[in-house]
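Participant: First the structure, which I've put down as C-alpha cells, then a few questions once you've had a look.
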Amino acid sequence: MSCSKGKSILQQHKSMYPHDNIFNIYYNIGKRTPFLVKRCELGLARSSSEDRRIDPNRDRTFLVETVKPRGKYGKAYGKCFVNGKPDDSYRQKCYPDIKDEEIPCAGCGEWVLIDVPGVSLDEIFPIHKAEEVLQFGKYKGKSLGDIYTMDYQYLYWLETTDRFFKIDFEELKRLYPDVEKSSDISISERIIGFGKYKGKKFSEIKDDISYLEWLVSIGKISNDDFNSLTTI
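Count along the sequence shown from 1, add 1034, and you get the number used in our numbering.
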C-alpha cells in the first residue's frame, strides 16, 4: 500500500524547532496571542555580554501579548515572569531604554514556545497521519507511510527532535504490521539507523548506558532490550 499522494505537512513545522524567533513562532501558531516563550540558554550566551547575564535564565519567561510585524521581524510586547511571577528586573537592568514592555531580542532565533494559554497544543499541532507528505529532510516529498516502510527509525528520530511534531504510529503499525517485527534478529545485532551511532550495532554501544536509557525513554528500544544489552 502506497501513500505517496497525500496531504502536505507544512514546512513551517520544521522551521520552528527546536528554537526560532518570536515572529516565526507567532505565525506558526496561527497568529494567536497571548503565548508564552522562553529564551534558551544558548541564545543568551551568544548575544549577551557578560554584564547582561544577571541570572541563569532558567526560570524567566515572557508572555507575548502583542506582535507588530514589520518586514521579516518587527516588535513584540509582553510581560516578563520569573518563577511564574511578574518580574521586570531583567529588562530594567539590561535594557533600561526599553519602552512599552517591548521584549528584547525578539528577532533572534533562540526562543522556544512553552504554551498558548486557553488553546490545546494538540489543536495547533495535530498528530500527523500516514498519508501526509513530508516537506523537509532526506525524505522530502514522500508520505509518512512510505517512509515508515523504508526507514521507520527515521520517523522515531524525527519525533525526538521536535516536541510538537507527533506521528500516528498506531495507524502506521496497523497499516504495516510487519515493518517493526525483528524478532529473528537479536537486539545486540540490530543496526542503528539514526543519531550519533548510526550504522553501528547495538552491541557496540552497550557501554553508553545513558544513551540506552534515553532510547528506552523515547520508545526506541524496550526495557527487555535494555536489560539484554547491559548484561552482555
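Beta carbons are placed, not taken as given, at the ideal position from N, Cα and C, and that holds for glycine. Small disclaimer: the values here were computed from a predicted structure and weren't measured.
1. Using a 10 Å radius around the Cβ and a threshold of 16 neighbouring Cβ atoms, would you call E1214 buried or exposed?
2. Tell me whether K1072 is buried or exposed, calling it buried when 16 or more other Cβ atoms sit within 10 Å of its Cβ.
3. What are the start and end residues of the beta strand (DSSP E) that includes E1193?
4. Given a threshold of 16 other Cβ atoms within 10 Å of its Cβ, counted over all protein chains shown, does S1123 qualify as buried or as exposed?
5. Where Y1060 and N1257 are concerned, what is the direct C-alpha to C-alpha distance, given to the nearest angstrom?
6. Alpha carbons only, please: which of Y1231, G1233 and I1221 is nearest the one belonging to T1265?
7. Specify whether the segment 1190-1207 and the segment 1159-1178 touch according to this definition: at least 3 beta carbon pairs, one from each stretch, less than 8 Å apart.
8. At the level of alpha carbons, what is the spacing between W1191 and G1229?
9. Rounded to whole angstroms, what's the CA-CA distance from Q1187 to P1130? Just pull it up for me.
10. So, does the segment 1104-1114 touch the segment 1146-1166, judging by three or more C-beta pairs under 8 Å?
11. So, using beta-carbon positions, are L1097 and F1069 closer together than 9 Å?
12. Please classify V1167: is it buried, with 16 or more other beta-carbons within 10 angstroms of its beta-carbon, or exposed?
13. For the candidate residues K1106, T1100, G1118 and G1105, whose alpha-carbon lies nearest to that of D1093?
14. My guess is that G1227 and D1185 are in contact by the Cβ rule of under 8 Å, so how many angstroms apart are they, rounded?
15. Excluding the five sequence neighbours on either side, which residues of its own chain have a C-beta within less than 6 Å of the C-beta of Y1107, listed in chain order?
16. Do you know offhand how far T1067's Cα is from E1157's?
Facilitator: Looking at the atomic coordinates:
1. exposed
2. buried
3. Counting along the chain, E1193 falls outside any beta strand (DSSP E), though it belongs to the alpha helix (DSSP H) covering L1178 to T1195.
4. exposed
5. 40 Å
6. I1221
7. The segment 1190-1207 is in contact with the segment 1159-1178.
8. 8 Å
9. Rounded to the nearest angstrom, the two C-alpha atoms are 49 Å apart.
10. With the cut-off at 8 Å, the segment 1104-1114 and the segment 1146-1166 do not touch.
11. yes
12. buried
13. G1118
14. 6 Å
15. F1057 and G1141
16. 15 Å
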